[in-house]
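Peer 1:
There are 2 protein chains.
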Amino acid sequence: MTTFGARGYNKGPLTEIADQVGMTHAGVLHHFGSKDQLLLEVLRYRDESDVKDLEGQHIPGGVDLFRHLVRTALLNARRAGLVQAYVVLSAESVTEGHPARDWFVERYRTLRREVGEAFRAVCAERGIDEPATVDRAAASILAVMDGLQVQWLLDPEQVDLAESSAFAIEAIVAQVLDPREAL
Amino acid sequence: MTTFGARGYNKGPLTEIADQVGMTHAGVLHHFGSKDQLLLEVLRYRDESDVKDLEGQHIPGGVDLFRHLVRTALLNARRAGLVQAYVVLSAESVTEGHPARDWFVERYRTLRREVGEAFRAVCAERGIDEPATVDRAAASILAVMDGLQVQWLLDPEQVDLAESSAFAIEAIVAQVLDPREAL
DNA sequence: CTTAACTTACTACGCTGTAAGTAACATTGT
DNA sequence: ACAATGTTACTTACAGCGTAGTAAGTTAAG
Chain P
19 MTTFGARGYN KGPLTEIADQ VGMTHAGVLH HFGSKDQLLL EVLRYRDESD
69 VKDLEGQHIP GGVDLFRHLV RTALLNARRA GLVQAYVVLS AESVTEGHPA
119 RDWFVERYRT LRREVGEAFR AVCAERGIDE PATVDRAAAS ILAVMDGLQV
169 QWLLDPEQVD LAESSAFAIE AIVAQVLDPR EAL
Chain S
19 MTTFGARGYN KGPLTEIADQ VGMTHAGVLH HFGSKDQLLL EVLRYRDESD
69 VKDLEGQHIP GGVDLFRHLV RTALLNARRA GLVQAYVVLS AESVTEGHPA
119 RDWFVERYRT LRREVGEAFR AVCAERGIDE PATVDRAAAS ILAVMDGLQV
169 QWLLDPEQVD LAESSAFAIE AIVAQVLDPR EAL
């Protein structure tokens with residue numbers, strides 16, 4: 019994660035990764051078979067340990083999911099390395115034949131579904147019949163979080179990741195629950 | 019742009035670029051000196067020709083800038099290659115020692131400033147005293163456009179770039195002009 | 001006569017993946 | 001109890017490719 023995050027998958031050599039665990043690059047290949055496979059295992063492992071972190075604690079739904087996303091943005095501002103890994107790898111994954119492409123496609127589908135469901139729950143709770151904008155809003159919330167991360171990594175002095183994320187999420191949620199035309 | 023977009027800067031070889039213009043890779047280096055320099059020239063050239071496109075036409079300000087951004091998202095849905103180049107290169111640029119890093123830092127600063135000014139113009143026009151959220155909103159609008167592009171490139175069937183962008187921009191503008199708390 | 005626009009040929013490096021060897025440990029048969 | 005036989009976790013060494021950059025030569029135009 020450290021190497022792929024700092025230098026990207028393509029430019030992140032196995033030798034650097036091997037050094038970090040006190041091994042030669044051939045040793046790493048002994049365990050993972052190929053560099054592609056290592057990347058997928060790293061991503062899978064992150065997912066697993068994220069789930070473990072939430073064990074016992076309920077995975078929030080409804081309005082709590084949005085609060086959770088805001089807290090995540092706040093947390094992310096303290097772990098640039100991990101954020102950078104996701105930013106770099108997700109963008110790289112859109113290129114031809116990238117080994118993590120399918121993983122990111124699936125990941126975004128899952129996240130959009132979860133955020134979409136949270137929207138539907140909130141709408142139901144407040145007696146709003148489900149607006150057509152739910153799917154767009156779900157994608158937008160994930161998008162704004164990702165996009166802010168890029169700007170923040172490039173220019174941390176100028177961009178406040180947590181504040182901007184919170185602002186944008188609030189804006190989008192408000193627009194779903196009670197749409198207005200400003201333009 | 020085609021090669022760097024499709025394969026990224028790191029994995030985009032000079033030979034492929036040279037082939038596209040019917041030349042050897044040494045011919046390309048004759049003109050640009052190094053691969054780094056070529057990338058910077060490509061980016062500079064894109065900027066220049068964007069300015070040329072707008073020549074005569076006024077660069078929109080105030081509320082028209084937001085409409086222009088929505089139209090841009092619509093236009094972008096028809097040019098995946100260019101979009102992919104920006105997505106891949108901007109994310110790659112956050113890595114250590116990337117040749118385009120400074121360029122992207124500067125680019126986002128400029129864009130945030132322009133969007134921020136548009137916000138201030140609209141606020142002045144409508145007699146709203148400038149809210150503290152302008153800067154966050156400016157970053158958020160750029161962020162949501164970028165982030166949606168990633169999701170759209172990965173899964174064009176599932177994500178409607180134009181609609182989602184329009185929705186999110188509207189949401190953010192509305193929240194600046196007339197803030198509400200939804201959470 | 002010079003300069004520009006190349007090409008060919010080469011160097012040199014970085015990288016992934018493979019093959020063969022080694023040391024430690026586990027398992028099994030007697 | 002102990003040898004024989006894997007098996008695991010590596011290392012060293014190397015093959016082999018892709019690639020950026022360089023140097024020298026070629027052709028055409030000014």
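Listed in order, the protein sequences are those of chains P and S. Okay, so the first sequence: first residue is 19 according to this note's numbering, each after it adds one. Okay, so the second sequence: first residue is 19 according to this note's numbering, each after it adds one. For every residue, glycine included, the Cβ atom is placed at its ideal position computed from N, Cα and C.
Compare the C-alpha of Gln129/P against each of Glu114/P, Ala184/P, Ala98/P and Arg154/P and name the closest.
Peer 2: What you label residue 129/P is simply residue 111 of the first sequence in a count that begins at 1. A quick correction: the sequence has Leu, not Gln, at residue 129/P. Among Glu114/P, Ala184/P, Ala98/P and Arg154/P, the Cα nearest to that of Leu129/P is on Arg154/P.
Peer 1: Is DSSP giving Met163/S helix, strand or coil here?
Peer 2: The count along the second sequence starts at 1 and reaches residue 163/S at position 145. The answer is helix: DSSP assigns Met163/S an H, G or I state.
Peer 1: What residues from chain P crowd round Phe84/S, counting only those whose CB sits closer than 9 Å?
Peer 2: For the purposes of this step, residue 84/S is taken as the residue at position 66 of the second sequence. Near Phe84/S (Cβ distances below 9 Å), the residues of chain P are Ala200 and Leu201.
Peer 1: Does the separation of the CB atoms of Leu166/S and Ala157/P fall below 8 Å?
Peer 2: As a position in the second sequence, residue 166/S is number 148, starting the count at 1. As a position in the first sequence, residue 157/P is number 139, starting the count at 1. Their beta carbons are under 8 Å apart, which means Leu166/S touches Ala157/P by this criterion.
Peer 1: In the DSSP assignment, find the alpha helix (DSSP H) that holds Thr33/S and state where it starts and stops.
Peer 2: Here residue 33/S refers to the residue found at position 15 when the second sequence is read from its first residue. Unbroken alpha helix (DSSP H) run through Thr33/S: Leu32 to Gln38.
Peer 1: Using beta-carbon positions only, say whether Val133/S and Leu83/S come within less than 8 Å of one another.
Peer 2: Position 115 of the second sequence, counting from 1, holds the residue named residue 133/S. Position 65 of the second sequence, counting from 1, holds the residue named residue 83/S. Yes, the pair counts as a contact, with Cβ atoms nearer than the cut-off.
Peer 1: Closer than 6 Å by C-beta to His43/P: which residues in its own chain qualify, once you throw out the five before and the five after it? Chain order, please.
Peer 2: Stepping through the first sequence from its first residue, residue 43/P is reached at position 25. Cβ neighbours of His43/P beyond the five flanking positions: Leu32, Thr33 and Ala36.
Peer 1: Whose C-beta lies closer than 8 Å to the C-beta of Met19/P among residues of the same chain, with five residues either side of it excluded?
Peer 2: Position 1 of the first sequence, counted from the first residue, corresponds to residue 19/P. Excluding sequence neighbours, Met19/P sits near Val60, Arg64, Gly99, Leu100 and Ala103.
Peer 1: From the beta carbon of Asp173/S, is the nearest beta carbon of chain P less than 8 Å away?
Peer 2: As a position in the second sequence, residue 173/S is number 155, starting the count at 1. True, the Cβ-Cβ gap to chain P drops below 8 Å.
Peer 1: On a Cα-Cα basis, can you pick out the residue from Thr90/S, Val123/S, Leu171/S and Leu47/S that is closest to Leu171/P?
Peer 2: The sequence position of residue 171/P within the first sequence is 153, counting from 1. Measuring from the Cα of Leu171/P, the nearest candidate turns out to be Val123/S.
Peer 1: Locate the alpha helix (DSSP H) running through Thr128/S, then write down its first and last residues.
Peer 2: Here residue 128/S corresponds to residue number 110 of the second sequence, with the count starting at 1. Where Thr128/S is concerned, the enclosing alpha helix (DSSP H) stretches over Arg119 to Glu143.
Peer 1: What is the DSSP secondary structure of Asp82/P, reduced to helix, strand or coil?
Peer 2: For this step, residue 82/P is matched to residue 64 along the first sequence. The answer is helix: DSSP assigns Asp82/P an H, G or I state.
Peer 1: Where do the N-terminal and C-terminal ends of the alpha helix (DSSP H) with Ile190/S fall, by residue?
Peer 2: As a first step, residue 190/S must be located in the second sequence, where it is residue number 172. Leu179 to Leu195 is the extent of the alpha helix (DSSP H) around Ile190/S.
Peer 1: For Lys29/S, decide whether its Cβ has a neighbour in chain P, counting only Cβ atoms nearer than 8 Å.
Peer 2: Counted from its first residue, the second sequence places residue 29/S at position 11. It does: the Cβ of Lys29/S has a partner Cβ on chain P nearer than 8 Å.
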